[in-house]
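Participant: So in this note's numbering, the last one in the sequence shown is 226, and the numbering has no gaps at all. Beta carbons: idealized from backbone N, C-alpha and C, even for Gly.
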Amino acid sequence: MGIPFMPVRGVIGTDYPRVRPDFKIIRNPFGDDDILVVPALSPDFTIIHAFRADKFGNCILNSGTDDALLAKSSQKVIVSAEEIVDSKELKATQRGNFVSRVHVDAVVHLPGGAYPTACGSIYPLNMAEMQAYLRAAKDASAFSTYLEEFCRRLQNGGDFS
Numbered sequence: 066m067g068i069p070f071m072p073v074r075g076v077i078g079t080d081y082p083r084v085r086p087d088f089k090i091i092r093n094p095f096g097d098d099d100i101l102v103v104p105a106l107s108p109d110f111t112i113i114h115a116f117r118a119d120k121f122g123n124c125i126l127n128s129g130t131d132d133a134l135l136a137k138s139s140q141k142v143i144v145s146a147e148e149i150v151d152s153k154e155l156k157a158t159q160r161g162n163f164v165s166r167v168h169v170d171a172v173v174h175l176p177g178g179a180y181p182t183a184c185g186s187i188y189p190l191n192m193a194e195m196q197a198y199l200r201a202a203k204d205a206s207a208f209s210t211y212l213e214e215f216c217r218r219l220q221n222g223g224d225f226s
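#1: For K141, which three-state DSSP category applies?
#2: State buried or exposed for N123, treating a residue as buried only when at least 16 other CB atoms are found within 10 Å of its CB.
#3: Consider the Cβ of R92: report whether some Cβ of chain C lies at a distance smaller than 8 Å.
#4: If we call anything under 8 Å between Cβ atoms a contact, is A201 one with A207?
#5: Could you name the residues of the same chain whose beta carbon sits closer than 6 Å to that of I143, not counting the 5 residues immediately before and after it, in chain order?
#6: From D98 to R85, what does the alpha carbon distance come to, in whole angstroms?
#7: Could you check whether D119 and Q247 sit closer than 8 Å to each other, using their CB atoms as the reference points?
#8: Work out the CA separation of F95 and V169 for me, nearest whole Å.
#9: Unbroken alpha helix (DSSP H) runs of length 4 or more, entirely within the region 116-196: which are they?
#10: Check the C-beta distance from A136 over to V164 and give it rounded, since I have them as a contact under 8 Å.
#11: Applying the 10 Å Cβ sphere with the 16-neighbour rule, what's the burial state of F121?
#12: To the nearest angstrom, report how far apart E147 and E214 are at their CA atoms.
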C-alpha cells in the first residue's frame, strides 16, 4: 500500500506504547481524540503456503488470512504450494485470496507445507503438534531438539495427520 504507518484503535491505555517505542500516539486529524499509529510492516522476506500456484507465482491462498497482505508488503516472497497447476486451470478454479506473480519471487511444490497448521479443507490443524512446538519454543535448547526430531520425521516420511 505504500503507507508508512497505520492507525490502530483499542491500544491506548495498554502497555504497548511503553514497550514499543516505535508505536506513537498522535492527535486524530479527523476528530477530537488521540490515536495510536504503528509503523508499516515491510518484511525482508515472507514464505506463504498456497492451495494452488502456477509456475509463474500466481497463487490461491486460504481466504481469511493476512498472507496476501504480507506478500504485497514483503521485499521477497516464496510461495510453497500443495499443487502446481497450469495458469488457465488456476484462473478457472479461483477461490480464496489471489496473489499475483508480480509479488512472488519463487514457487516451490510442497504438499503438506502448511503442516502442522491447517490448509483449508485439505488437512486440519494438528493441535498436539502445535502444542509441542509452543512448549519447545520457550527454550532455545528444547526448540533445537524439537526441530531436529520434526525434520527427522519429515525425512522418514512420518505420518503427519
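Facilitator: Reading from the atomic positions:
#1: On the sequence shown, residue 141 is found 76 positions in, with the first residue counted as 1. Looking at K141 - three-state DSSP - the assignment turns out to be strand.
#2: What you label residue 123 is simply residue 58 of the sequence shown in a count that begins at 1. Classification of N123: buried, given that the 10 Å Cβ count is 16 or more.
#3: Of the protein chains in this structure there is only one, and it is not chain C.
#4: As a first step, residue 201 is located in the sequence shown; it is residue number 136 there, counting from the start. As a first step, residue 207 is located in the sequence shown; it is residue number 142 there, counting from the start. Contact flag set, yes.
#5: The residue labelled residue 143 in the question sits at position 78 within the sequence shown. Answer for I143: I112, A171, listed in chain order.
#6: Looking up residue 98 in the sequence shown gives position 33. Looking up residue 85 in the sequence shown gives position 20. If I take the Cα positions, the gap works out to 21 Å.
#7: Residue 247 is absent from the structure shown; the chain starts at 66 and stops at 226.
#8: For the purposes of this step, residue 169 is taken as residue 104 along the sequence shown, with counting starting at 1. For the purposes of this step, residue 95 is taken as residue 30 along the sequence shown, with counting starting at 1. Rounded to whole angstroms, V169 to F95 spans 37 Å at the Cα level.
#9: 132-138, 152-157
#10: Counting from one through the sequence shown, the residue named residue 136 turns up at place 71. Counting from one through the sequence shown, the residue named residue 164 turns up at place 99. That pair is a contact at about 5 Å.
#11: Taking the sequence shown and counting its residues from 1, the one referred to as residue 121 is at position 56. Counting Cβ neighbours within 10 Å, F121 comes out exposed, since fewer than 16 surround it.
#12: In the sequence shown, the residue the question calls residue 147 occupies position 82. In the sequence shown, the residue the question calls residue 214 occupies position 149. Cα to Cα, the separation comes out at about 23 Å.
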